[in-house]
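In our numbering, the protein residues as written are 58 to 377. Glycine is no exception: its CB is placed at the ideal position from the N, C-alpha and C atoms. Values in this document were obtained by computation on a predicted structure and should not be read as measured data. Working notes, structure below.
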Amino acid sequence: MIDTIDPDNQLAINNLNNKYPEFPNSKKLEFQDKELIEKLLLNFPPYSDFNFLSLWSYNTKDDIEFSIHNNNIICKMRDYITGEFFYTFAGSNSPFSTIETIFKYLQEHKLPLLLKIVPETSIDQIQVKQRFNIIEDRDQFDYIYSIEGFANLKGGDNVKIRNYCNRFKELYSTINQKTLDLSNLNDQVIFLSIFDRWRQFKNQDKEAITERLALERLFQISSQVDNLYNIVLYDVDKPIGFFIGEQCKSEYAISHFAKADSQNYHGIYAYLYHKSSMDLFNLGYKYVNYEQDLGIPGLRRSKEQMHPVYFLKKYSISPS
58 MIDTIDPDNQ
68 LAINNLNNKY
78 PEFPNSKKLE
88 FQDKELIEKL
98 LLNFPPYSDF
108 NFLSLWSYNT
118 KDDIEFSIHN
128 NNIICKMRDY
138 ITGEFFYTFA
148 GSNSPFSTIE
158 TIFKYLQEHK
168 LPLLLKIVPE
178 TSIDQIQVKQ
188 RFNIIEDRDQ
198 FDYIYSIEGF
208 ANLKGGDNVK
218 IRNYCNRFKE
228 LYSTINQKTL
238 DLSNLNDQVI
248 FLSIFDRWRQ
258 FKNQDKEAIT
268 ERLALERLFQ
278 ISSQVDNLYN
288 IVLYDVDKPI
298 GFFIGEQCKS
308 EYAISHFAKA
318 DSQNYHGIYA
328 YLYHKSSMDL
338 FNLGYKYVNY
348 EQDLGIPGLR
358 RSKEQMHPVY
368 FLKKYSISPS
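Here is the structure:
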């Protein structure tokens, strides 16, 4: 995390704030909001839920709303699993006042007095912790991994992924990788064909539909952003897996989508993580955020086995 505040960035924030609603007024999320949200969170850890491209992609019903309060972002968004609305905020400016203001609004509108996925950085003050019920939400913790560790596969923590990669290379000698154009319709078909094969093997339904829509939304704006990164794995000329990530500020990258034919290519995810990390490491990145596990047992087990270097913790908050 960068602790110093850039005066020029603060001036830009102040100028932008004049264009945006103050809570409890709000507006629907639009692509033009990218500049403000990224400036407000410039000195904030890279929490996946408040990454603009993630917000944009998973806004599949076009109903995320946000507003500004104390130079913090307050969001009304949907639960990834249940689809129900909830409120949250990100930022570390006057958190007590911000939480009190949101709870007052929720109470007046007879809404549940609960904030979800609130970043640890937003509540890391004693006075806040003493005045509210603050509970760790383990299902929503972001997993942060060492890119160098995945790239070089050295050390005891990387034994499992190293073994998977070595076995993968022994079993499948005709693998090659390409970088495709996310804004190209023909290339988009390739990504979606891999996704649909994964969905068929995993017998996914509701969550997969949302994720596919999110992927398509990312395609829609891919030509307007310049920090997306992807690789596609091929067995000769057959596409079998892909990774799409974002090169973020400072030392971090975020994994947005990774799908592969693990039914027929054992160890392919480990190999995808290894190859994408090699590229990102050569670009100077140190950490990658592989997002949360949402409490899904198999996903948690696989993420834990890859040995994260730390978590970006999130909390639920209710009145004491």
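Short Cβ contact (8 angstroms threshold) for residue i with residue j
| i | j | result |
| --- | --- | --- |
| Phe225 | Ile94 | no |
| Leu369 | Tyr137 | no |
| Ile232 | His331 | no |
| Tyr202 | Val366 | yes |
| Phe101 | Ala147 | yes |
| Phe88 | Gln281 | yes |
| Val345 | Ile204 | yes |
| Cys222 | Tyr328 | yes |
| Leu237 | Phe276 | no |
| Ser375 | Leu171 | yes |
| Ile288 | Asp336 | yes |
| Ser178 | His126 | The sequence shown places Thr at residue 178, not Ser. Cβ distance not < 8 angstroms, so Thr178 and His126 don't count as in contact. |
Beta-bridge partners of residue i, as assigned by DSSP
| i | result |
| --- | --- |
| Val175 | Tyr372 |
| Phe300 | Ile288 and Ala315 |
| Val282 | In the DSSP output, where bridge partners are listed per residue, Val282 has none listed. |
| Val345 | Tyr202 and Ala310 |
| Lys263 | In DSSP, Lys263 forms no bridge with anything. |
| Tyr322 | Per DSSP, none; premise fails for Tyr322. |
| Lys85 | Glu122 |
| Lys295 | Asp292 |
Which of helix, strand or coil DSSP assigns to residue i
| i | result |
| --- | --- |
| Lys96 | helix |
| Ile130 | strand |
| Lys76 | coil |
| Tyr328 | helix |
| Phe338 | helix |
Spatially closest choice to residue i from the options, by CA coordinates
| i | options | result |
| --- | --- | --- |
| Ile192 | Ile201, Ser203 and Ile180 | Ile180 |
| Phe123 | Tyr344, Lys84, Ser111 and Ile159 | Lys84 |
| Phe107 | Asn241, Ala327, Cys305 and Gln320 | Cys305 |
| Leu97 | Ile130, Arg135, Ser154 and Trp113 | Ile130 |
| Arg188 | Asn215, Phe153 and Phe252 | Phe153 |
| Lys371 | Met335, Leu242 and Asp194 | Asp194 |
| Gly212 | His364, Asn190 and Phe314 | His364 |
| Lys343 | Val216, Asn321 and Ala310 | Ala310 |
Problem set entry | Inside the stretch 170-246 only - alpha helix (DSSP H) runs reaching at least 4 residues | 183-188, 204-209 and 216-228
For this session: Can you check the stretch 104-166 for any beta strand (DSSP E) of at least 3 residues that lies completely inside it and give the ranges in chain order?
Result: 122-126, 129-135 and 142-147
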